[in-house]
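Right, one structure below, let's go through it.
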Amino acid sequence: MLWKMAFRNIFRQKRRSLFTALSMIIGFVMLSVTMALSEGGYGNIIKMFTKDHTGHVQIHHKEYLERPGLYRSLVYTKKIEKIITENREIKHAVPRVFSGGLAFIDEKTTGARIVGIQPAQEAKATTILNKVEKGEYLSDHWNPDKKAEVLLSHGMASILKAKVGSELVLISQGADGSIANDLFTVTGIFAKDFDTMDRMNIYMHINKAQEFLVLNNKIHEIALFLDDYLDSTKVAKQLKKNLAGVESTLAVDTWMDVEQTFYRSMEADKSGSWIMNLIIILIVGIGVLNTVLMVILERTREYGILLALGSRPYMLIGMIVVETFILSIISSIIGALLSLLAIWPLKVYGITYPEPVSIGGITIESINGAYVPIAFWMPIVVVISTAVIVSLIPAFKAAHTDPVKAMRTF
Amino acid sequence: MRQLFIILFLSMMSISLVSEERPDIRQLIHDMDILYRSKTSSGLMEMKIETPNYKRTMRMQMWTEGLEKTFVVIESPKKDSGTASLRNDKEMWNFFPKSNKVMKIPPSMMMGSWMGSDFTNDDLVKQSTMLDDYTHSYLEPPKGDNDHYYIQLVPKKDTATVWGKIVIQLTKKSRMPVTQVYFNEKGKKVRIMTFSQIKMMGGKLFPTVMEIRPLTKKNRKTVITYISLEFDKKLPKNTFSLRNLRKKR
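First to last, the protein sequences are chains A and B.
Following this note's numbering, the numbering of the first sequence begins with 1 at its first residue and continues without gaps.
Following this note's numbering, the numbering of the second sequence begins with 411 at its first residue and continues without gaps.
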């Protein structure tokens, strides 16, 4: 009976219901789009960031992260490899070697970060291949008899005035205490845009790096790339458990631990944008409140008649609340459908910043929306709850008015 | 009467002990500076480096002329053979044959490690001389040690060094160094150099083994053993030239 009356009421005054619904729908879409942009935007930044080079989970010697050093290394054994490949969530696993050194080209010299990578694997897992602007990417095969190839970051190349084909001398410390020194050929140079994170990097084949630094088969890092960055903590926990029995000297960390500065600045930024979200929630809430309140107050006369005819006050309250509830659900469904449409161009094209913004070393040129769950459940909760709560007040008022007085109002 | 005589004798003894002739300190220090160098020297030595991370042994040839010129070439291991260091007056260079690179060592790196050992570049090439760059004074020897002199060296104001002071222990008899203790600017012991195996080599008596032990790092030491050393022989004219440094060996 209650539901039946509520339904009838909605469809009795189609225009009134339409306007109420419209205000809720607009509020819904507005909130949904904002959420999709901020939450989805961060998701995108994280994806870009982790795909740049960090990966989602990293394995190191347990003391490496705290204080990186040549000797804080690990051996990428078959056992470790097996544990990694057995984990279904891990898409790529790339080994890396790091060290510092001095780079020379003719008279120019600068300090450099030497990065040894497995070229083919690295290209599959990260965006490194797209960064090469001039020359070529490292070849996957390393020939010990030939002068080894190196890839320079843009900053490095400009300090050293390097060109593709330049001869580069690297001097560093070998793990056996010797002075590592060798000649290299510059095979490729990065584009300027990709330079924030790896400004001082010199890339070479991992086997060459191991030979150069006399590391034998040791490496410093295994970076793991997952399908979904949200699984990072879970996968890290699993690996930690599985590796504990094999190697006690290893540490498994998520990108949040590895790139703490980035993560923290992201979190700070995110809490800042939540203030923005709260304001929008408030605006949407007030909008819904306004319409619902007006609509109910408008019908005071009607309620007076109902009361005069012998309706119980609680029946009246129930009817008003159910009516708003049904209306808000319908609005939410329509709103969700419209949001799906509205977010799509934001996802595909995004909003381009007038000036690229840098967060934790990653340059962001545009912010893109994404279909994240929160962009849907949050508006649903906000719209329905505000509508229902708001309708309670006039409902109580209407139920307790004197029918005679109520009938006199227009 | 007899008692008085004994007392007199003892007091004379003690007077003679206190007023014992100490050798000229500058002469002693100068002898230390040129202990392994004389006017010119050329020789072969072995350097053993031990650290928690690696152990390695290098064999190298060394030529010196006066205090200003030093030239060292690594002979083995094969990987490093030909790597050389040259110091001429105030400048120092390293040469890496594999990359055919001559690298000038800036003054700020003089206290840096030489080829991964516990010897600094300065130790090896004697950029600073104990005689001219430090002020010296005798220290009272610890009680019961009557066989050694203790000399304290404090760097002069404009000496580029990391040491706050150096205490040298020498034997009175042969005037050979036994230990050199290095203190940092806060007065903390940071490393100790021990001399041993005094032998006749090239017509001169000197400790043929030098061991450096940094006290700030655990389980590290570097030992230099002289295999052969000749003094005051005429060296080829271009021994200490950059061209000679660059020569492929």
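For glycine and all other residues, C-beta sits at the position ideal for the given N, C-alpha and C.
Mind checking residue i: buried by the 16 CB within 10 Å criterion, or exposed?
i, result
"Arg436 of chain B", "exposed"
"Ala375 of chain A", "buried"
"Lys4 of chain A", "exposed"
"Gly310 of chain A", "exposed"
"Asn629 of chain B", "exposed"
"Phe7 of chain A", "exposed"
"Asn648 of chain B", "exposed"
"Lys218 of chain A", "buried"
"Pro414 of chain A", "Any answer about residue 414 of chain A is impossible in this case: the structure gives chain A only from 1 up to 410."
"Pro345 of chain A", "exposed"
"Gly55 of chain A", "buried"
"Trp274 of chain A", "exposed"
"Ser426 of chain B", "Because the pLDDT of Ser426 of chain B is 49, which lies under 50, any placement of that residue in the model is unreliable, and the number read from its coordinates should be weighed accordingly. Burial call: exposed."
"Arg659 of chain B", "exposed"
"Ser333 of chain A", "Position check: residue 333 of chain A holds Ile in this sequence, whereas Ser was assumed. So Ile333 of chain A counts as exposed."
"Leu327 of chain A", "buried"
Helix, strand or coil for residue i, going by three-state DSSP, please let me know.
i, result
"Val284 of chain A", "helix"
"Val29 of chain A", "helix"
"Gly43 of chain A", "helix"
"Trp573 of chain B", "coil"
"Phe396 of chain A", "helix"
"Asn498 of chain B", "strand"
"Glu211 of chain A", "helix"
"Leu445 of chain B", "coil"
"Thr401 of chain A", "coil"
"Ser426 of chain B", "Confidence is the limiting factor: at Ser426 of chain B the pLDDT is only 49, short of 50, which leaves the residue's position unreliable, though a coordinate-based value still follows. In this structure, Ser426 of chain B counts as helix in the three-state DSSP scheme."
"Arg88 of chain A", "coil"
"Thr20 of chain A", "helix"
"Ala148 of chain A", "strand"
"Ser328 of chain A", "helix"
"Pro462 of chain B", "coil"
"Pro356 of chain A", "strand"
Taking the alpha carbon of residue i as the reference point, which residue from the options has its own alpha carbon closest?
i, options, result
"Met200 of chain A", "A:Ala103, A:Lys82, A:Ile279 and A:Gly165", "A:Ala103"
"Glu621 of chain B", "B:Asp528, B:Gly522 and B:Arg659", "B:Asp528"
"Glu640 of chain B", "B:Leu438, B:Ile439 and B:Ser451", "B:Ser451"
"Val577 of chain B", "B:Lys566, B:Lys583, B:Ser547 and B:Thr569", "B:Ser547"
"Tyr636 of chain B", "B:Met455, B:Asp434 and B:Met525", "B:Met455"
"Leu445 of chain B", "B:Ala570, B:Leu580 and B:Val572", "B:Leu580"
"Gly165 of chain A", "A:Lys134, A:Phe325 and A:Asp145", "A:Lys134"
"Gly272 of chain A", "A:Ser38, A:Leu22 and A:Ser23", "A:Ser38"
"Gly412 of chain A", "A:Val390, A:Lys62 and A:Ala148", "Outside the shown range of chain A, which is 1 to 410, sits residue 412 of chain A, and nothing can be said about it."
"Trp377 of chain A", "A:Ala398, A:Leu340 and A:Pro356", "A:Leu340"
"Met319 of chain A", "A:Lys147, A:Leu392, A:Ile280 and A:Ala268", "A:Leu392"
"Lys657 of chain B", "B:Leu496, B:Leu438, B:Arg469 and B:Lys644", "B:Leu496"
"Pro403 of chain A", "A:Ala209, A:Pro313, A:Ile25 and A:Asp198", "A:Pro313"
"Asp543 of chain B", "B:Val588, B:Tyr560, B:Leu549 and B:Val572", "B:Val572"
"Leu660 of chain B", "B:Phe593, B:Thr467 and B:Phe481", "Here chain B covers residues 411 to 659 and nothing more, so residue 660 of chain B does not appear."
Pull the bridge partners of residue i from the DSSP assignment, please.
i, result
"His60 of chain A", "A:Ala251"
"Leu549 of chain B", "B:Tyr560"
"Phe505 of chain B", "B:Ala494 and B:Val512"
"Ile578 of chain B", "B:Ile561 and B:Gln590"
"Asp439 of chain A", "This structure gives no information on residue 439 of chain A, because the portion of chain A shown stretches from 1 to 410."
"Pro624 of chain B", "B:Arg601"
"Ser99 of chain A", "A:Ile114"
"Thr530 of chain B", "B:Ser523"
"Ile714 of chain B", "Since the first residue of chain B shown is 411 and the last is 659, residue 714 of chain B is not available in this structure."
"Ala223 of chain A", "A:Gln58 and A:Val94"
"Tyr544 of chain B", "B:Pro565"
"Met35 of chain A", "Beta-bridge pairing links Met35 of chain A to no other residue."
"Tyr203 of chain A", "A:Val115 and A:Leu151"
"Pro617 of chain B", "B:Ile608"
"Val633 of chain B", "B:Lys458 and B:Glu621"
"Gly350 of chain A", "None; Gly350 of chain A has no bridge partner."
Quick check: does the Cβ of residue i come within less than 7 Å of any heavy atom belonging to the ligand MG?
i, result
"Ala406 of chain A", "The ligand MG is not part of the structure shown, which contains no ligands of any sort."
Residues of chain A with a CB under 7 Å from the CB of residue i: which are they?
i, result
"Asp490 of chain B", "Ser178"
"Ser509 of chain B", "Val169, Asn181, Asp182 and Leu183"
"Tyr464 of chain B", "Ala175, Asp176 and Gly177"
Which residues of chain B have a Cβ atom closer than 7 Å to the Cβ of residue i, listed in chain order?
i, result
"Phe104 of chain A", "Lys511"
"Tyr71 of chain A", "Asn463"
List the residues of chain A that residue i touches, going by C-beta distances under 8 Å, in chain order.
i, result
"Ile459 of chain B", "Gly177"
"Met525 of chain B", "Gly177, Ser178 and Ile179"
"Phe681 of chain B", "This structure gives no information on residue 681 of chain B, because the portion of chain B shown stretches from 411 to 659."
Can you name the residues of chain A whose CB is closer than 9 Å to the CB of residue i?
i, result
"Phe529 of chain B", "What Phe529 of chain B touches in chain A: nothing, since even the nearest Cβ is about 12 Å away."
"Thr493 of chain B", "Ser178, Ile179 and Asn181"
"Phe605 of chain B", "Near Phe605 of chain B there are no residues of chain A at all, since even the closest Cβ is about 23 Å away, more than 9 Å."
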